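Student:
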Amino acid sequence: MKHRVFIFFAVLILVACSRMDRGISAKITELFDASNSAPIDLAQVGPPSWERVCVLGPYVTNEAAEHILGFKWDVQRQSSIVVDDRINLVVFLKNEEVLAFTEHRRDKGDFLDLKPRCLARTQAVLVRRAGADGLVQLVSE
Numbered sequence: 056m057k058h059r060v061f062i063f064f065a066v067l068i069l070v071a072c073s074r075m076d077r078g079i080s081a082k083i084t085e086l087f088d089a090s091n092s093a094p095i096d097l098a099q100v101g102p103p104s105w106e107r108v109c110v111l112g113p114y115v116t117n118e119a120a121e122h123i124l125g126f127k128w129d130v131q132r133q134s135s136i137v138v139d140d141r142i143n144l145v146v147f148l149k150n151e152e153v154l155a156f157t158e159h160r161r162d163k164g165d166f167l168d169l170k171p172r173c174l175a176r177t178q179a180v181l182v183r184r185a186g187a188d189g190l191v192q193l194v195s196e
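Read left to right, the sequence shown gives residues 56 to 196 (the numbering used here).
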């Protein structure tokens, strides 16, 4: 019995520490599916106190993530982005702290063409653009 309780709490701690929030991707998908042309305002999603959002594309390594985020973060351990080309990782930050992140399906709004890779909350309104690969790209206005 003690062993099961220990395992339960160990899993609970791992999940709590990861800050992965699938609800964020669900909200982005909801905004994406609601209209074929309306901009997507990322200020409407994520935790309430985020200041900057960064998007990491498929196969991003820890070194590349550090370059984009501006600090070390173990993206390879926190997500499947390093092995899954069907997703982007959307990371919500305050200072140098990851508040939350989500793995977002590229077929529900692809961030691959987003430049710069990080945006301030006030600049996180994205418009749709047809991508060469057939995916709808979400890019800065």
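Glycine is no exception: its CB is placed at the ideal position from the N, C-alpha and C atoms.
If you're wondering where the values come from, they're calculated on a predicted model, not measured in any experiment.
Based on Cα-Cα distance, which residue from 194, 159 and 148 lies nearest to residue 136?
Tutor: Residue numbering aside, residue 136 sits at position 81 when the sequence shown is read from its first letter. Selected option, being the one with the closest Cα: 159.
Student: Please work out which residues of its chain come closer than 6 Å, Cβ to Cβ, to residue 189, disregarding the five sequence neighbours upstream and downstream, and give them in chain order.
Tutor: Here residue 189 is taken as the residue at index 134 of the sequence shown, counted from 1. Same-chain partners within the cutoff: there are none.
Student: Considering only C-alpha positions, which residue in the set 171, 149 and 129 is nearest to residue 107?
Tutor: Your numbering for residue 107 matches position 52 in the sequence shown. When each option's Cα is compared against that of residue 107, the closest is 149.
Student: Assign residue 120 to one of two classes, buried (16 or more other C-beta atoms within 10 Å of its C-beta) or exposed (fewer than that).
Tutor: Here residue 120 corresponds to residue number 65 of the sequence shown, with the count starting at 1. Residue 120 comes out buried.
Student: DSSP three-state call for residue 139: helix, strand or coil?
Tutor: Your numbering for residue 139 matches position 84 in the sequence shown. Reduced to three states, the DSSP call for residue 139 is coil.
Student: Ignoring anything shorter than 4 residues, give me the alpha helix (DSSP H) runs that lie fully in the region 97–151, in order along the chain.
Tutor: Whole alpha helix (DSSP H) segments, 4+ residues: 117–124 and 130–133.
Student: Given a cut-off of 8 Å on the beta-carbon distance, is the pair residue 191 and residue 185 in contact?
Tutor: Residue 191 sits at position 136 when you count from the first residue of the sequence shown. Residue 185 sits at position 130 when you count from the first residue of the sequence shown. Yes. Within cutoff.
Student: Are the CB atoms of residue 113 and residue 142 within a distance shorter than 8 Å?
Tutor: Counting from one through the sequence shown, the residue named residue 142 turns up at place 87. Counting from one through the sequence shown, the residue named residue 113 turns up at place 58. Their beta carbons are under 8 Å apart, which means residue 142 touches residue 113 by this criterion.
Student: Quick one: Cα of residue 138 to Cα of residue 130, how far?
Tutor: Position 83 of the sequence shown, counting from 1, holds the residue named residue 138. Position 75 of the sequence shown, counting from 1, holds the residue named residue 130. Each residue's Cα considered, the two are about 11 Å apart.
Student: Quick check on residue 81: does DSSP put it in helix, strand or coil?
Tutor: As a working mapping, residue 81 is identified with position 26 in the sequence shown. DSSP places residue 81 in helix when its eight states are reduced to three.
Student: Out of 152, 162, 118 and 115, which has the shortest C-alpha to C-alpha gap to residue 81?
Tutor: To locate residue 81, count along the sequence shown from 1; it is residue 26. The shortest C-alpha separation from residue 81 is found at 162.
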